[in-house]
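Student:
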Amino acid sequence: MTVMVGHIIQPAYSKALNPKLRDEEILPASLSPEIVTGLLKEKLGFDGLVVTDSAIMAGFATAMERRRAVPQTIAAGCDMFLFAKNCEEDFRYMTEGVRDGIIPQERLDEAVTKILALKAALGLHRDRRIPEEEKVRRVVGCRAHRKAALRCADDSITLVKSLENVLPLTPEKYKRVLFYSLES
């Protein structure tokens, strides 16, 4: 019912779908009309909800400033964001994008329709009960869940390939290492 589109750049697909595209115009998939609309929706026939990969990831804002990227991803064919950096700011960027014509009204209506259709398909309109916070904390924060989360974190770290003994990174081996933390 839904597909998440990453922020990876696909130059071969982008150029195959739009031969006039110059290298500097190639966008990450989540911002690319060639990939989201041309490949996913038109060529592959996907008709469900298209959601971006996390919009707080660095890859989302590498091709353009966030003010432009927020409306561009909807204009490109994505229907929903996965996470917002700042809800009020992103909402303002989206509103400006509609006002300035970056997002046509028809595209916005289509995105909203896809979101509502998925909610209906999941039956979210039928059950409006919100669980009590204390009950949620007892279940989600229980000892077994915390233990499982630690096990998943430990088991999910995998070294796929270390060419030329680059890893592990150490201050002795590499005098200049820059580390960015993308989470608060």
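First residue of the sequence shown? That's 1 in our numbering, and the numbers climb one at a time after it. Glycine included, every Cβ here is placed at the ideal spot set by N, Cα and C. In this text, all values refer to a predicted model and were calculated from it rather than measured experimentally.
1. Which whole-angstrom value describes the C-beta separation of GLY45 and LEU17, a residue pair presumed to lie in contact below a C-beta threshold of 8 angstroms?
2. Please determine if the region 28-36 and the region 71-91 are in contact, where contact requires at least 3 C-beta pairs separated by less than 8 angstroms.
3. Determine the burial state of TYR174: buried for a count of at least 16 other Cβ atoms within 10 Å of its Cβ, exposed for fewer.
4. Excluding the 5 residues flanking SER184 on each side, which residues of the same chain have their C-beta closer than 7 angstroms to its C-beta?
5. Taking the alpha helix (DSSP H) that VAL112 falls in, what are its first and last residues?
6. Secondary structure at ILE9, three-state DSSP: helix, strand or coil?
7. Please report the Cβ distance between PHE83 and ALA55, rounded to the nearest whole angstrom; I am assuming they are in contact, meaning their Cβ atoms lie under 8 angstroms.
8. Which residue or residues does DSSP assign as beta-bridge partners of THR95?
9. Please state whether the Cβ-Cβ distance between TYR93 and VAL112 is less than 8 angstroms.
10. Let me know if HIS7 comes out buried or exposed under the rule of 16 or more other beta-carbons within 10 Å of its beta-carbon.
11. Please work out which residues of its chain come closer than 7 angstroms, Cβ to Cβ, to HIS125, disregarding the five sequence neighbours upstream and downstream, and give them in chain order.
12. What three-state label does DSSP hand LEU163 in the structure shown?
13. Are the Cβ atoms of SER32 and ASP53 separated by less than 8 angstroms?
14. In this structure, what does DSSP give as the bridge partners for PRO28?
15. Does the Cβ-Cβ distance between PRO28 and ALA63 come in under 8 angstroms?
16. Exposed or buried, ALA144, counting other C-beta atoms within 10 Å across all chains shown (16 or more means buried)?
17. Taking the straight line between their C-alpha atoms, what separation do you get for GLU42 and ARG66?
18. Would you list the residues sitting across from THR52 in a DSSP beta bridge?
19. Which class does PHE81 belong to by DSSP, given the choice of helix, strand or coil?
Tutor: The short version:
1. Incorrect: roughly 15 angstroms between the Cβ atoms, too far for contact.
2. yes
3. exposed
4. Here the model assigns SER184 a pLDDT of 48, short of 50, so the residue's position is not dependable and the matter cannot be decided.
5. 105-121
6. strand
7. 6 angstroms
8. Answer is none; THR95 lacks a bridge partner.
9. no
10. buried
11. LYS119
12. helix
13. no
14. ILE9
15. yes
16. exposed
17. 27 angstroms
18. VAL5
19. strand
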